[in-house]
Amino acid sequence: MASKTKTAQVIEHMNQGRWKQALKIAKTFTIGVTQDQRAILARAYEAHHNGYLMAQMKRDPEICIQQGVDLLKSMYGRFLTGTDKAA
Numbered sequence: 292m293a294s295k296t297k298t299a300q301v302i303e304h305m306n307q308g309r310w311k312q313a314l315k316i317a318k319t320f321t322i323g324v325t326q327d328q329r330a331i332l333a334r335a336y337e338a339h340h341n342g343y344l345m346a347q348m349k350r351d352p353e354i355c356i357q358q359g360v361d362l363l364k365s366m367y368g369r370f371l372t373g374t375d376k377a378a
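Here it is, written out as structure tokens:
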């Protein structure tokens, strides 16, 4: 059995509404992702994982998460099945 690519794993998590897991994998991408995009994905995952830390840094965790989810949707939204998946 062949293992899934990271991209396939991210899309699977997105389709199932598991945004934290999708962000965890996507934040490690280096090919086809700019530094700014990586920073957004990493910030979104950290906000999911350690929201209090974002609040201490004067960043709204919910906004950070939404920015990461929006970025994933813009990158891989064409692969989502069904209606728009909420974060």
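Just so we're aligned: the sequence shown equals residues 292 to 378 in our numbering.
Glycine residues also receive a C-beta, built at the ideal position from the N, C-alpha and C atoms.
Check                                                                                                                                                      : Outcome
Tell me the rounded alpha-carbon separation between Q312 and R369.                                                                                         : 19 Å
Under three-state DSSP, which class holds G359?                                                                                                            : helix
Using a Cβ-Cβ cutoff of less than 7 Å, which residues in the same chain neighbour G342 once the five nearest sequence positions on both sides are dropped? : P352
Mind reading off the beta-carbon distance from L362 to M305? Whole number of angstroms is fine, and I expect it under 8 Å.                                 : Not a contact, Cβ separation roughly 11 Å.
Suppose you measure from the CA of A338 to the CA of K318; what does that come to, to the nearest Å?                                                       : 12 Å
Can you give me the C-alpha to C-alpha distance between L350 and L344, rounded to a whole angstrom?                                                        : In the sequence under discussion, the amino acid at residue 350 is Arg, which differs from the Leu named in the question. The straight-line gap from Cα to Cα measures roughly 9 Å.
Would you give the residue range spanned by the alpha helix (DSSP H) that M331 belongs to?                                                                 : Before going further, note that residue 331 is Ile rather than Met in the sequence given. Looking at the DSSP string, the run of the alpha helix (DSSP H) that includes I331 is 326-340.
Could you tell me the boundaries of the alpha helix (DSSP H) in which E305 lies?                                                                           : The residue asked about is misnamed: residue 305 is Met in this sequence, not Glu. It spans 297-306 - the alpha helix (DSSP H) in which M305 sits, taken as one unbroken run.
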